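In the working numbering, the protein residues as written are 947 to 1155. We put the beta carbon where it would ideally sit given N, CA and C, even for glycine. Keep in mind it's a predicted model, so treat the numbers as computed, not measured. Here's the structure we're looking at; comments come further down.
Here it is in structure tokens:
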């Protein structure tokens, strides 16, 4: 009986201490009010093991279609689909685009984009040879701007812009023609070497650059 009373007194003592610790103070209330939401969101947003983590957007298939790579023959998407030739791409849907070259782009070939619902925030048109053909397509672009915002870019830049806008949740569409020429960067070279190393178990350590 005495042991039970002793435990009961300890519980009352702890309860009183907790009330003092948790009692709001007027001078700190505003600070807690502004911090509470941020702290809750931060705790809920990160559920890792204490280390820095990185999410690769292109690997998040449920977020929508993105373009991983482009070459003279077509496009590879983040769901590992390989598209040969020109394509029309949206967040969740892709179509083969029935044009042969930049010079085949017309209001008729773009009519699909003019009648979409909901209306596109922006339509990206990727040209295979921007410097050579962009000027001749200005009347077509001007005509399409009656229906939606239009941006005409080299295909590589159009792909990157599509990925960025789509990952932001924008209603974006792209009409893309594979580029005539591919510009290689140092990152492209190293990425190719990494894929070759993983595929063929090649060691590049002793290679002189």
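The DSSP-derived three-state label of residue 1022 is strand. Between the alpha carbons of residue 1061 and residue 1093 lies a distance of about 8 Å. Shortest Cα-Cα distance from residue 1063 to any of 1036, 1030, 1031 and 1025 involves 1036. Residue 1095 counts as exposed, since fewer than 16 other C-beta atoms from the protein chains shown sit within 10 angstroms of its C-beta.
The residue among 1052, 1018 and 1086 with its C-alpha nearest the C-alpha of residue 1101 is 1018. Secondary structure of residue 1089 (DSSP, three-state): helix. Between residue 1120 and residue 1108, the C-beta gap is smaller than 7 Å, which places the two residues in contact. The alpha carbon of residue 1079 has as its nearest neighbour, out of 1126, 1069, 1055 and 1058, the alpha carbon of 1126. In this structure, residue 1051 keeps its C-beta atom at 7 Å or more from the C-beta atom of residue 1016. According to the DSSP assignment, residue 1014 belongs to the beta strand (DSSP E) that extends over 1013 to 1016.
Straight-line measurement puts the Cα of residue 1025 at about 30 Å from the Cα of residue 1049. Looking at 1010, 1118, 1081 and 1011, the one whose alpha-carbon comes closest to that of residue 1066 is 1118.
For residue 1083, no alpha helix (DSSP H) run applies, since DSSP gives it neither H nor E.
A Cβ-Cβ distance of about 6 Å is found for the pair residue 1072 and residue 1099, placing them in contact under the 8 Å criterion. As the crow flies, the alpha-carbon of residue 1115 is around 12 Å from that of residue 1011. The alpha-carbon of residue 1055 is positioned some 18 Å away from that of residue 1030. The same chain holds no residue with a CB closer than 7 Å to that of residue 1088 once the five nearest residues on each side in sequence are set aside.
Counting of Cβ neighbours within 10 angstroms places residue 1084 among the exposed residues, the total staying below 16.
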